[in-house]
Amino acid sequence: MNSGRFIVTQFIRDVKSVIKDVNVELLDVTAYIQKSLSKLVYSMIDKYEFQPLQITNSDFEYFASYFDIILYFYSLDRRTSTSFSFCQLIITLHDFSSRKSLIYSHYFRDKLSHYLQLKILQMDREYQEGMKIEVYNLALTLEYIAENIQERLPDNSFRRLIGLKDYNYFDFICLMHIAGKNKSLSHYIPSMTIQAEDYMTKIMQDLGFKSAELIHMLLDYLSCPFITCERKVIYLKSVICNSELKDKLSRVKVKLPKEIVSLEKELKIIIDYSTSRYWFSNWDKVDIWNLLMKKQLNPTY
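FYI, the numbering used here numbers position 40 of the sequence shown as 196, with every residue one higher than the one before it.
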C-alpha cells in the first residue's frame, strides 16, 4: 500500500500545483476531479462485474488510491449535490467488493465507516442550514455498509439529527428507518413517534386533509413496524375526532362505530392491513440507492 499512498499524495500535490499556475481556486475543480475519478472506479468495476475474475493486487491498489483521492476532495467540497454521487459510489464499491473479496470488502468498509462517522461528527459541530440532506446521505450510507455497532452511527450524532430544523415527512422516513434498524438507537423511537404525530397534527390544523404530505406520512406511519399498534390506535382515535375528517366521512356515508371497543377493533384492522402491505415506504428494506436517486431528483421530496 506504500505505492498507493505515494500516488495519492503526489496526485494532490500535482493538482494544487496546476491550479496555482493557472490561477484557479481548488474548490472550482473538486467536483470535476471527483466525477472523473468516480468514472475510473466505475469502469474498473465494470471490468470485473460480469466475469468470474478475482481482483488483482494491482487493481486493488488502484481502487484504494482513487478512492483515497476522492475522499480527500470530498472533504474539501461537501455540497449536497456532490454528496449524492459520492454516496452512490460508496454503495457501489461496497457491494462490488463484498461480492468479490472478503478481505478487500473489510478494508473498504472499515475505512469508509470511520470516514463517514468522522464527517457526520464534523457536521454536528459545523452544521449550517441547507446541510440536512447531505447529513442524511452520509448517515443512511453509513447504516447501509455497517456490519457491527462500532461501524454504525454514534448515538450523539443521531441525537443531533433528531434536533435538526424544518422537520418533515422525509425526516420521519430517514430517522425512523435508521433507529428501527439500529438496536442501539431504538430507545429514540417513542420520542420520534410523538414528534411525527405532533407534526401531522399541525398539518391537519393548518391545511387539513388536502395536504399530500399529510396523507403520505399518515399512511407510512400506520405501516411502520417500529411503532406499536397500541400507539397507532391512540393517535388514530385523535385523528378521527377531527371535524373536517368527520364531514368527509359523512359525505361518503362512512360510519364509524361509536363504542370504543368496536372502534379500536376497526382501527386495528386498518393498521394490520397497512403493516402487512406497506404504502409508500417498504420499512423492511429501504432501497438506499433509489432513496438517494429520489432525493437527487427532488430534494424536497
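In this text, a Cβ means the ideal position worked out from N, Cα and C, and glycines have one as well.
Only a predicted model underlies this, so the values are computations on that prediction, with no experimental measurement involved.
Exercise for the section: With DSSP collapsed to three states, give me the class of GLU386. Expected result: In the sequence shown, the residue the question calls residue 386 occupies position 230. Three-state DSSP puts GLU386 in a helix.
Practice task
Using only alpha-carbon positions, find the residue among GLN306, ASN304, GLN273, SER367 that is nearest to TYR292.
Solution key: Numbered from 1 along the sequence shown, position 136 holds the residue referred to as residue 292. Of the candidates GLN306, ASN304, GLN273, SER367, the one whose C-alpha sits nearest the C-alpha of TYR292 is GLN273.
Practice task
Please report how far the alpha carbon of THR384 lies from the alpha carbon of LEU193, in whole angstroms.
Solution key: Looking up residue 384 in the sequence shown gives position 228. Looking up residue 193 in the sequence shown gives position 37. Whole-angstrom Cα-Cα distance: 46 Å.
Practice task
Alpha carbon to alpha carbon, how far is LYS358 from LYS366? Give it in angstroms, no decimals.
Solution key: Position 210 of the sequence shown, counted from the first residue, corresponds to residue 366. Position 202 of the sequence shown, counted from the first residue, corresponds to residue 358. When rounded, the distance between both Cα atoms is 13 Å.
Practice task
Using a threshold of 7 Å, state whether the C-beta atoms of LEU296 and ILE276 are closer than that.
Solution key: Translated into the one-based positions of the sequence shown, residue 296 becomes position 140. Translated into the one-based positions of the sequence shown, residue 276 becomes position 120. Result no, Cβ atoms of LEU296 and ILE276 do not sit closer than 7 Å.
Exercise for the section: Check whether the Cβ atoms of SER379 and TYR429 sit closer than 7 Å, and answer yes or no. Expected result: Taking the first residue of the sequence shown as 1, we reach residue 379 at position 223. Taking the first residue of the sequence shown as 1, we reach residue 429 at position 273. Contact annotation: SER379 and TYR429 have beta-carbon atoms that are not nearer than 7 Å.
Problem - Distance CB(ILE226)-CB(ARG265) smaller than 7 Å - result: As a working mapping, residue 226 is identified with position 70 in the sequence shown. As a working mapping, residue 265 is identified with position 109 in the sequence shown. Not in contact: ILE226 and ARG265 (Cβ atoms no closer than 7 Å).
Practice task
State the DSSP-derived secondary structure class of THR212, mapped to helix, strand or coil.
Solution key: Stepping through the sequence shown from its first residue, residue 212 is reached at position 56. THR212: coil per DSSP, three-state reduction.
Practice task
Would you mind stating whether LEU245 and TYR222 have Cβ atoms separated by less than 7 Å?
Solution key: Locating residue 245 in the sequence shown gives position 89, where the first residue counts as 1. Locating residue 222 in the sequence shown gives position 66, where the first residue counts as 1. Contact flag unset, no.
Exercise for the section: Tell me whether LYS421 is buried or exposed, calling it buried when 16 or more other Cβ atoms sit within 10 Å of its Cβ. Expected result: One-based indexing of the sequence shown puts residue 421 at position 265. Within 10 angstroms of the beta-carbon of LYS421 lie fewer than 16 other beta-carbons, which makes it exposed.
Handout entry: Option in ARG308, TYR344, PHE436, SER313 with minimal Cα separation from LEU370
Key = Position 214 of the sequence shown, counting from 1, holds the residue named residue 370. If we check each option's Cα against that of LEU370, PHE436 comes out closest.
Handout entry: Every unbroken alpha helix (DSSP H) within the region 244-303, with a cutoff of 4 residues, ordered by chain
Key = 258-282, 288-301
Problem - Status (buried if at least 16 other CB within 10 Å, exposed otherwise) for TYR333 - result: Mapped onto the sequence shown, residue 333 falls at position 177. Note that residue 333 corresponds to His in the displayed sequence, not to Tyr. With 16 or more other Cβ atoms within 10 Å, it is buried.
Handout entry: Cβ distance (whole Å) where MET348 is taken to contact LEU331 below 8 Å
Key = Residue 348 sits at position 192 when you count from the first residue of the sequence shown. Residue 331 sits at position 175 when you count from the first residue of the sequence shown. Confirmed, Cβ separation roughly 6 Å.
Exercise for the section: Count the other CB atoms, across all protein chains shown, that sit within 10 Å of the CB of ASN191; report buried if there are 16 or more and exposed otherwise. Expected result: Along the sequence shown, read from residue 1 onward, the residue named residue 191 stands at position 35. The amino acid at residue 191 is misidentified as Asn; the sequence shows Lys. Under this definition LYS191 is an exposed residue.
Handout entry: Neighbour-count burial assignment, TYR325, 16 or more Cβ in a 10 Å radius
Key = As a first step, residue 325 must be located in the sequence shown, where it is residue number 169. TYR325 comes out buried.
Handout entry: The alpha helix (DSSP H) enclosing ARG308, as first and last residue numbers
Key = As a position in the sequence shown, residue 308 is number 152, starting the count at 1. Where ARG308 is concerned, there is no enclosing alpha helix (DSSP H), given that its DSSP letter is neither H nor E.
Handout entry: Span of the alpha helix (DSSP H), counted from its first residue to its last, around CYS330
Key = For the purposes of this step, residue 330 is identified with residue 174 of the sequence shown, where counting begins at 1. Start and end: 325-337.
Handout entry: Whether SER340 touches ILE305 by CB criterion (7 Å)
Key = Residue mapping note: residue 340 aligns to position 184 of the sequence shown, counting from 1. Residue mapping note: residue 305 aligns to position 149 of the sequence shown, counting from 1. The answer is yes: Cβ separation under 7 Å.
Exercise for the section: Go ahead and pull the three-state DSSP assignment for PHE314. Expected result: Translated into positions along the sequence shown, residue 314 becomes position 158. Residue state for PHE314 is assigned as helix, using DSSP reduced to three classes.
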